[in-house]
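Chains as they are written, first to last, in the working numbering: chain A, 16 to 234; chain B, 16 to 234.
Backbone N, C-alpha and C fix where the C-beta goes; we use that ideal spot for every residue, glycine too.
Take a look at the structure set out below.
There are 2 protein chains.
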Amino acid sequence: MKKYFGILRKCPLFDSIEDDDLLGMLGCLGAKVESFDKKYTIFAEGTPARYIGIVLSGSAQIVQVDYYGNRSILSEIYPSEIFAEAFACAEVPSLPVSVIANEPCEVMLISCAHILHTCANSCGFHQRLIFNLMKDLATKTIMFHQRIEITSKRSTREKLLTYLTMQAKKAGGDRFDIPFDRQELADYLEVDRSGLSAEISKLRKEGILECQKNHFELL
Amino acid sequence: MKKYFGILRKCPLFDSIEDDDLLGMLGCLGAKVESFDKKYTIFAEGTPARYIGIVLSGSAQIVQVDYYGNRSILSEIYPSEIFAEAFACAEVPSLPVSVIANEPCEVMLISCAHILHTCANSCGFHQRLIFNLMKDLATKTIMFHQRIEITSKRSTREKLLTYLTMQAKKAGGDRFDIPFDRQELADYLEVDRSGLSAEISKLRKEGILECQKNHFELL
DNA sequence: ACAAGTATGTTGAATTTTCAACAAAAGGAG
DNA sequence: CTCCTTTTGTTGAAAATTCAACATACTTGT
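So, in structure tokens, the structure goes:
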């Protein structure tokens, strides 16, 4: 377990928790590590939410697919980030999303029961854990607001520019990489892929942006 | 303050907290009550998030307006419900949304500083408060997922039907009222109002639904 | 009861998006 | 290197959304 400490230290769930305490805590929480191949479904839509996940290596996507096969990408998850915490905390009987391995990855799973109901020997860090979880959920809620700010735009062009502007801001400069290929970006922005490609071409011709693959530059 | 206890008891923030403890707690939190007229801006976009709000009477809307004046309604808030908690918990320096009074309303405000940093005399219920807040944020996150499930649909018709189906499920029957007028529903679904009206007419003619004003029936 | 203002429904034109199909480019496996 | 697969760009036609304008119904305040 120790080999993951570098990642876990950066996980918001364990903020302000010392290494010395972490190991005992993980035991107390019944944390386990699992590995998944690329494209493997880590959590399937429709199944009950029982675990909080933490990505240790690789990456995963939160996706929603409707009966027509339209995929909507809700977010992308990287090492030391948490997923499915909202569903686990609310103990929902049926996940409204799936979590898919983007590439081979390792994930730490912690059962929500262990988090929600203080353990008998009540490790003193449980309160801190709840607090951290609260902080994390607040951050996630804000992320959703940002996503809505993007997808509420009515045109492909505006959605794309809003998204790219946010990414530039986040990267602290006009050059940055995005974590999506074209189809994924379309599924994130909720637009048609070919229309998105066309729009990118247009913006390029207008001299508004440069891009090669997933590297963008706003001009 | 006592006259609001009926409402506050139902507020998820005070779940499992006894009436006897509530009064002291509210004092400890520095809770204050304010009144707002219809259409008044309770919290303005761009201002720092300092307070959690609880609606005591009337109702409010969370809205986002872009530079073209396109309004997007994020949610509707009724008595005993909390708002702005995510921004307060994350102490964001600039609110990405506004909160507008839908009708004359009373609101309880609790400063986030009081919630996040345990008070010196450390009332024993603070831990429970954090836990409740965590639960509430999990629920809100799930609400956002539902909203995305609606708005990620590509056509007005599908958005509308997805929304109405969810409302019917929530109401536990095929007849139900929605909390929006046509323009608000359009702003919630992120579609054009006239197109929405046209779609409703079409669904009526096809015998799929009945409606008068904001009362709907799925057939 | 009336007038003024607001909300809703309806329409056609303009614009966009979606869809389908294909070509070109890039990436991976052997 | 070559073949095969996947990704990306391009296009035109079909479908849908948006927009503007207006008629009608409904509310509200006086």
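The secondary-structure analysis by DSSP pairs CYS120(B) across a beta bridge with PHE51(B). Around the beta carbon of ASP151(B), 16 or more other beta carbons lie within 10 angstroms, which makes this residue buried. With its beta carbon less than 8 Å from one in chain B, LEU148(A) belongs to the interface. Taking a beta-carbon distance threshold of 8 Å, GLU164(B) counts as an interface residue toward chain A. Taking a C-beta distance under 8 Å as the contact criterion, VAL122(B) and GLY84(B) do not qualify as a contact pair.
Non-local C-beta neighbours of HIS230(A) in its own chain, meaning closer than 7 Å and more than five positions away in sequence, comprise ASP192, ordered along the chain.
Here DSSP, grouped into helix, strand and coil, assigns ALA59(B) to coil.
Each residue's CA atom was taken as its position, placing LYS228(A) and GLY187(A) some 20 Å apart. Using a Cβ-Cβ distance cut-off of 8 Å, the region 125-132 of chain B and the region 57-66 of chain B are in contact, since at least three pairs of beta carbons, one from each stretch, lie closer than that value. Taking LYS17(A) as reference, the option from VAL48(A), GLU199(A), LYS168(A) and ARG219(A) with the minimal CA-CA separation is VAL48(A).
Rounded to whole angstroms, the separation of the alpha carbons of ALA101(A) and LYS174(B) is 24 Å. Bounds of the beta strand (DSSP E) holding CYS226(B) are 224-227. DSSP places HIS230(A) within a strand segment (E or B) once states are collapsed to three.
In terms of Cβ geometry, THR166(B) and LEU200(B) do not form a close pair [threshold 8 Å]. Per the coordinates, the alpha-carbon of ARG86(B) lies some 11 Å from the alpha-carbon of ARG169(A).
In this structure, ASP189(B) sits away from GLU221(B), with a CB-CB distance that is not shorter than 8 Å. Taking 7 Å as the Cβ-Cβ cut-off, the region 196-220 of chain B approaches chain A at GLU205, given in chain order. Residue nearest to VAL112(B) within the set THR156(A), PRO119(A) and GLN79(A) is THR156(A) (criterion: CA-CA distance). Proximity of PRO111(B) to chain A, defined by a Cβ-Cβ separation below 8 Å, is satisfied.
The three-state reading of DSSP puts TYR203(A) in helix, counting H, G and I together. Within the same chain, SER31 and ILE32 come within 7 Å of ARG143(B) by CB-CB distance, once the 5 residues on both sides are set aside. The beta carbon of PRO94(B) lies closer than 7 Å to those of ILE22, VAL70, LEU71 and SER72 in the same chain, with the five residues before and after it left out. Taking 8 Å as the CB threshold, PHE29(B) stays off the interface with chain A. PHE191(A) is bridged by DSSP to PHE231(A).
For TYR82(A), no alpha helix (DSSP H) encloses it, and the DSSP letter there is neither H nor E.
As computed with DSSP, ARG197(B) is found in no beta bridge at all.
Only those residues of the region 116-132 of chain B whose C-beta falls short of 9 Å from the nearest C-beta of chain A are listed: LEU131.
A Cβ-Cβ separation of about 7 Å places ILE92(A) in contact with ILE77(A) under the 8 Å criterion. For LEU28(B), no alpha helix (DSSP H) encloses it, and the DSSP letter there is neither H nor E. For PHE102(B), the closest Cβ of chain A is nearer than 8 Å. In the structure shown, GLU173(B) adopts helical secondary structure according to DSSP, grouped into three states. Only those residues of the region 71-82 of chain B whose C-beta falls short of 8 Å from the nearest C-beta of chain A are listed: GLN79 and ASP81. For SER212(A), the secondary structure class from DSSP, reduced to helix, strand or coil, is helix. Within its own chain, the residues whose Cβ lies closer than 7 Å to the Cβ of LEU41(B), once the five positions on either side in sequence are excluded, are MET16, listed in chain order. Your pair ASN147(A) and PHE58(A) does not check out as a contact, with CB atoms roughly 21 Å apart and the cut at 8 Å. When DSSP reads this structure, ILE145(A) sits in no beta bridge, so it has no partner.
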